[in-house]
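Numbering (our numbering), first residue to last: 25 to 178.
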């Protein structure tokens, strides 16, 4: 029995399966769409700046509370207390908004990955890095979160 040429079915009645490549939709220019990594880049830059800035703000407020042994020394009625309260709010709100932005960037990267869009892996990795960095900032800011609740209860 002789072999059949390459590409012909080996068994009678067998139809070769044709590959069904699924290609992403093409832009009018003829190239597949690219994932937008701009949001991920913004989130990573914000996370990098936030890691430094939020650490400094946390050390500033925690050191002030430790030095005075009271919250009135840090958040008293004088103008310095108002400044410290504004720094506290900026630190907490900035971290939460940055975390929300990085989670949105991560979810958009995952969605692009499922659609098999170009540069989707880069968008997803940027979202992961930014989310991890903001979670690290949240761990660093645990002392000032307790300060915030103490100030609110006063």
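All C-beta atoms in this analysis are idealised placements derived from N, C-alpha and C, irrespective of residue type, glycine included.
For residue i, three-class secondary structure by DSSP
i	result
residue 137	helix
Spatial distance of residue i from residue j (CA atoms)
i	j	result
residue 87	residue 113	17 Å
residue 76	residue 142	32 Å
residue 120	residue 140	30 Å
residue 157	residue 72	8 Å
residue 101	residue 145	51 Å
residue 9	residue 59	Residue 9 is absent from the structure shown; the chain starts at 25 and stops at 178.
residue 107	residue 118	16 Å
residue 105	residue 111	10 Å
residue 136	residue 147	8 Å
residue 62	residue 155	15 Å
residue 160	residue 122	12 Å
residue 99	residue 78	18 Å
residue 125	residue 170	24 Å
residue 74	residue 109	18 Å
residue 116	residue 173	12 Å
Host alpha helix (DSSP H) of residue i (start-end)
i	result
residue 78	62-92
residue 154	144-164
Quick check: the stretch 92-111 against the stretch 127-141, are at least 3 beta-carbon pairs closer than 8 Å?
no
With contact counted as at least three CB pairs below 8 Å, one residue from each stretch, are the stretch 162-169 and the stretch 73-87 in contact?
yes
Touch check for the stretch 150-157 and the stretch 58-71: three-plus C-beta pairs under 8 Å?
yes
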